[in-house]
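**Student:** After the structure tokens below, expect a handful of questions from me.
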Ligand SMILES: [Zn+2]
């Protein structure tokens with residue numbers, strides 16, 4: 003899939019899978035794990051700002067290293083970083099839910115598998131990986147890496163360095179693949 007259409011569909015697919023994981027988690031999680039609480043309202047704008055800002059930095063990093071401003075990266079990564087938190091929707095509506103059901107390795111594997119089938123753009127898949135790990139690296143507290151199969155919670159801060167590293171590497175790979183795609187296109191006869 004090409005251009006803005008690929009970006010738009012990636013956002014739609016990502017959001018749909020976040021909400022699907024959230025819905026499944028409401029049914030699949032044991033009651034004892036449904037302790038997800040909504041952040042203090044006053045803390046939300048700051049948190050979202052940090053998330054979006056890190057996303058923009060990664061998009062720029064992926065772009066600048068290859069001396070090509072990649073708008074796809076600069077728009078896509080922050081959007082995906084922010085909408086990962088759509089999985090807080092039930093608690094925003096006052097419904098008990100497990101903590102961060104889409105902050106899960108099974109979630110990101112599912113997303114990448116669906117993108118690989120539908121969008122078929124390795125550069126966009128790398129950007130999506132970058133956004134997901136960027137989000138996990140900014141969050142603090144608990145997350146369920148094997149949601150919705152298991153709601154055993156782990157401490158995010160213990161993996162923070164690894165998540166930051168993965169986010170940066172994936173952004174660089176996305177920039178590299180994006181540029182390679184462009185040069186291939188330019189070399190093709192019209
Ligand atoms: Zn989050």
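Residue numbers (this note's numbering): 3 to 192. Glycine residues also receive a C-beta, built at the ideal position from the N, C-alpha and C atoms. Just so it is clear, the structure is predicted and the values come from calculations on it, not from any experiment.
Quick check: what's the CA-CA separation for residue 9 versus residue 184?
**Tutor:** 16 Å
**Student:** Would the stretch 123-139 and the stretch 75-89 be scored as touching if the rule is three or more Cβ pairs under 8 Å?
**Tutor:** yes
**Student:** What is the residue span of the alpha helix (DSSP H) that residue 160 lies within?
**Tutor:** Run containing residue 160: none; DSSP gives neither H nor E here.
**Student:** Identify, in the order they occur along the chain, each residue of the same chain with its Cβ nearer than 7 Å to the Cβ of residue 50, setting aside the five sequence neighbours on each side.
**Tutor:** 84
**Student:** CB residue 130 to CB residue 117, shorter than 8 Å?
**Tutor:** Yes, Cβ-Cβ distance for residue 130 and residue 117 is below 8 Å.
**Student:** Is the closest heavy atom of ligand 1 to the C-beta of residue 142 under 7 Å?
**Tutor:** Every heavy atom of ligand 1 is 7 Å or more from the Cβ of residue 142, so no.
**Student:** Checking 8 Å against the spacing of the C-beta atoms, do residue 57 and residue 176 come in under that value?
**Tutor:** no
**Student:** Hey, how far is the Cα of residue 113 from the Cα of residue 15?
**Tutor:** Distance between the alpha carbons of residue 113 and residue 15: 8 Å.
**Student:** Just the C-alpha distance for residue 152 and residue 70, rounded to the nearest angstrom, thanks.
**Tutor:** 42 Å
**Student:** Decide if residue 109 is buried, meaning its Cβ has at least 16 other Cβ atoms within 10 Å, or exposed.
**Tutor:** buried
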